[in-house]
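K.L.:
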Amino acid sequence: MTLADAAMSSPMLIGALIDDCCSVIDANVERLDSLDAAIGDGDHGTNMRRGAAAVLAEREAIANLPVGEALGAAGRAAVMSIGGAAGPLYGTLLIELGKQFPAEPKRADVARAVSDAVDAVARRGRSEAGCKTLLDVLCPLRDAMLDGTPLAAIARNASRWAEATKNMRALRGRASFLGARSVGHVDPGAASASLLVATICRRLRDPFR
Amino acid sequence: MSGPNVGIVIVSHSPLVAQGAADMVRQMVGDRVPLAWCGGNADGSLGTNARAILAALEAAWSPAGVAVLVDLGGAETNSEIAIEAIGEPRSAKIVICNAPIVEGAVIAAAEASGGAPLSRVVAAAEELAPR
């Protein structure tokens, strides 16, 4: 299977993905800031909006690149502007994904690229699933991609993965300073990751919506 | 007179902390050590900014290498990104110290001002790290 209908050109699809991701971040800035205020420094939504704006500013140039290069360019734009803990993690995800992304994306090749990119994020953050971070969304995403879960199901499951961080105690990141008091709050990085994963999966399975 | 001294870069979430630590370094070593600092995000609020760290690394660059002092997590990972952006071969001569930012910067600079190599500068700062 290909990721998207071949009738939609790559520049159109990349442009649509950029627009979708920026929209979902813009619509959730306050929620992400507020989740971060509970267990961190309160700026995750603001930081993600700055990163989204930097990618949007390069939309036309990025959209006209081959997909792998587009992912790398988006990652570099994001990592130089997001800052915070999230910038290097999202930047690493996109840049590594771009390095591995197959020229003619077949599901199995994309799954391997996602898997390698998520492993790179874990190394960057010196973390793993279960520590109340965005890896609690990215690791289930990796597993779902590898076992062939349909994109529609991934889109539906993503918010549940983020919600599961609510009962976790933070072991990495600034929330870990709170110890047991970090329990009871959804991790903001997991929340932004689930929004982006669901948004991207919905667009890829229905490019013309 | 030996070769150039190791440079020092201070990366804090707060521009005031970074500048204050840099002031303490200057008081100790004057202009004998290349020194740059950055703090705050791209909007000027508390936070980190990989692009500003990259500029600071360029400003304090020395052929003897650069020791980087950071505060909290994002300062470290954004510094890693900036070091990768500088690329080889210079990236191999830039080391993030596992040390408290203020004390680490002052003792690293004191070591660097005597002409110590990068490994000794980093080790001096890291002797301060909690065990």
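Protein chains in written order, with my numbering: chain A, 116 to 324; chain B, -10 to 120.
For each residue, glycine too, the CB sits at the ideal point set by N, CA and C.
If you're wondering where the values come from, they're calculated on a predicted model, not measured in any experiment.
With a threshold of 9 Å between beta-carbons, can A313/A be considered close to chain B, or not?
P.N.:
The residue labelled residue 313/A in the question sits at position 198 within the first sequence. Cβ-Cβ to chain B under 9 Å: no for A313/A.
K.L.:
Mapping DSSP to helix, strand and coil, what is V18/B?
P.N.:
Stepping through the second sequence from its first residue, residue 18/B is reached at position 29. Note: V18/B maps to helix in three-state DSSP.
K.L.:
Can you give me the C-alpha to C-alpha distance between E68/B and I42/B, rounded to a whole angstrom?
P.N.:
Mapped onto the second sequence, residue 68/B falls at position 79. Mapped onto the second sequence, residue 42/B falls at position 53. The identity of residue 68/B in the sequence shown is Ser, whereas the question assumes Glu. In a straight line, the C-alpha of S68/B is about 6 Å away from that of I42/B.
K.L.:
Let me check understanding here. Comparing Cα to Cα, which of N272/A, V144/A, A200/A, V233/A lies closest to L208/A?
P.N.:
The residue given as residue 208/A occupies position 93 in the first sequence. Answer by Cα proximity: V233/A.
K.L.:
Taking DSSP's pairing of strands, which residues face C27/B in a bridge?
P.N.:
Here residue 27/B refers to the residue found at position 38 of the second sequence. Paired residue(s): V0/B.
K.L.:
Note down, in chain order, each residue of its chain lying with its Cβ closer than 7 Å to the Cβ of E100/B, except the 5 sequence neighbours on either side.
P.N.:
In the second sequence, counting from the first residue as 1, residue 100/B sits at position 111. Here the set comprises R109, V110, A113.
K.L.:
Between the alpha carbons of G304/A and D60/B, how many angstroms are there, rounded?
P.N.:
If you number the first sequence from 1, residue 304/A lands on position 189. If you number the second sequence from 1, residue 60/B lands on position 71. Each residue's alpha carbon lies about 20 Å from the other.
K.L.:
By Cβ distance below 7 Å, which residues in the same chain neighbour A11/B in space, the five residues on each side in sequence not counted?
P.N.:
Translated into positions along the second sequence, residue 11/B becomes position 22. Answer for A11/B: I(-1), L24, W26, listed in chain order.
K.L.:
In this structure, what does DSSP give as the bridge partners for I85/B?
P.N.:
Locating residue 85/B in the second sequence gives position 96, counting from the first residue. The partner list for I85/B (beta bridge, DSSP) reads V57/B.
K.L.:
Find the nearest neighbour of A49/B within the set E115/B, E73/B, C86/B, N(-6)/B, judged by alpha-carbon distance.
P.N.:
Counting from one through the second sequence, the residue named residue 49/B turns up at place 60. Nearest option by C-alpha distance: N(-6)/B.
K.L.:
Let me know the alpha helix (DSSP H) ranges lying completely inside the stretch 154 to 191 of chain A, each 4 residues or longer, listed in chain order.
P.N.:
Counting only runs of 4 or more, we get 159 to 172, 174 to 178.
K.L.:
Got a sec? Which residues, its chain only, sit under 8 Å from V225/A by beta carbon, not counting five neighbours each side?
P.N.:
Indexing the first sequence from 1 puts residue 225/A at position 110. Closer than 8 Å at the Cβ level, and outside the excluded window around V225/A, lie L118, F216, P217, M260.
K.L.:
Taking only beta-carbon atoms, is R283/A less than 9 Å away from chain B?
P.N.:
Here residue 283/A is taken as the residue at index 168 of the first sequence, counted from 1. It should be pointed out that residue 283/A corresponds to Met in this sequence rather than to Arg. M283/A does not count as touching chain B.
K.L.:
For L35/B, name the three-state secondary structure that DSSP assigns.
P.N.:
Translated into positions along the second sequence, residue 35/B becomes position 46. Of the three classes helix, strand and coil, the one that applies to L35/B here is coil, per DSSP.
K.L.:
Of all the options A53/B, S3/B, M17/B, T66/B, which has the alpha carbon lying nearest to the alpha carbon of G33/B?
P.N.:
Within the second sequence, numbered from 1, the residue matching residue 33/B stands at position 44. Nearest C-alpha to G33/B: S3/B.
K.L.:
Does M(-10)/B pass the burial test, meaning 16 or more other C-beta atoms within 10 Å, or should it be called exposed?
P.N.:
Here residue -10/B is taken as the residue at index 1 of the second sequence, counted from 1. Interpretation of M(-10)/B is limited by its pLDDT of 47, a score under 50 that renders its predicted location unreliable; no figure is taken from the coordinates.
K.L.:
Using 9 Å as the threshold, is the C-beta distance between A81/B and L58/B below it?
P.N.:
Locating residue 81/B in the second sequence gives position 92, where the first residue counts as 1. Locating residue 58/B in the second sequence gives position 69, where the first residue counts as 1. Result no, Cβ atoms of A81/B and L58/B do not sit closer than 9 Å.
K.L.:
Just how far apart, CA to CA, sit M116/A and D262/A?
P.N.:
Translated into the one-based positions of the first sequence, residue 116/A becomes position 1. Translated into the one-based positions of the first sequence, residue 262/A becomes position 147. Unreliable placement is indicated for M116/A, whose pLDDT of 41 sits below 50; the coordinate value is still reported in the next sentence. If I take the Cα positions, the gap works out to 14 Å.
K.L.:
Taking the alpha helix (DSSP H) that I133/A falls in, what are its first and last residues?
P.N.:
Along the first sequence, one-based indexing puts residue 133/A at 18. Its alpha helix (DSSP H) spans residues 125 to 142.
K.L.:
Using C-beta distances below 6 Å, list every residue in its chain close to G206/A, excluding the 5 sequence neighbours before and after it, in chain order.
P.N.:
Start at 1 with the first residue of the first sequence, and residue 206/A comes out as number 91. If we look at G206/A and ignore the five residues flanking it on each side, its Cβ neighbours are G190, A193, V194.
K.L.:
At 9 Å on the CB atoms, spell out the chain A contacts of D60/B, in chain order.
P.N.:
Taking the second sequence and counting its residues from 1, one reaches residue 60/B at position 71. Result: empty, since nearest Cβ-Cβ is about 11 Å, beyond 9 Å.
K.L.:
Could you tell me if R318/A is buried or exposed, where buried requires 16 or more neighbouring beta carbons within 10 angstroms of its beta carbon?
P.N.:
Here residue 318/A is taken as the residue at index 203 of the first sequence, counted from 1. The residue in question, R318/A, is buried, as its Cβ has 16 or more Cβ neighbours within 10 Å.
K.L.:
Taking buried to mean at least 16 other C-beta atoms within 10 Å of its own C-beta, is A53/B buried or exposed?
P.N.:
As a first step, residue 53/B is located in the second sequence; it is residue number 64 there, counting from the start. So A53/B ends up on the buried side.
K.L.:
Helix or strand or just coil, what does DSSP make of W276/A?
P.N.:
Residue 276/A sits at position 161 when you count from the first residue of the first sequence. Correct three-state label for W276/A: helix.
K.L.:
Measuring only between beta-carbons, confirm whether A48/B sits less than 9 Å from chain A.
P.N.:
Your numbering for residue 48/B matches position 59 in the second sequence. Answer no: the Cβ-Cβ gap between A48/B and chain A never drops below 9 Å.
K.L.:
Can the beta-carbon of I154/A be found closer than 9 Å to that of A290/A?
P.N.:
Here the question's residue 154/A lines up with position 39 in the first sequence. Here the question's residue 290/A lines up with position 175 in the first sequence. Going by C-beta atoms, I154/A is nearer than 9 Å to A290/A.
K.L.:
List the endpoints of the continuous alpha helix (DSSP H) containing M260/A.
P.N.:
Along the first sequence, read from residue 1 onward, the residue named residue 260/A stands at position 145. Taken as a continuous stretch (DSSP letters only), the alpha helix (DSSP H) holding M260/A covers 250 to 261.
K.L.:
Helix, strand or coil, according to DSSP, for G199/A in the structure here?
P.N.:
Locating residue 199/A in the first sequence gives position 84, counting from the first residue. Of the three classes helix, strand and coil, the one that applies to G199/A here is coil, per DSSP.
K.L.:
Which residues mark the beginning and the end of the alpha helix (DSSP H) in which P119/B is found?
P.N.:
Numbered from its first residue, the second sequence carries residue 119/B at position 130. Taken as a continuous stretch (DSSP letters only), P119/B belongs to no alpha helix (DSSP H), as it is neither H nor E.
K.L.:
So, under 8 Å CB-CB, D141/A and R164/A are touching, yes? Tell me the CB distance rounded to an integer number of Å.
P.N.:
Walking along the first sequence from the start, residue 141/A turns up at place 26. Walking along the first sequence from the start, residue 164/A turns up at place 49. Indeed, because the Cβ distance is near 6 Å, the residues count as touching under 8 Å.
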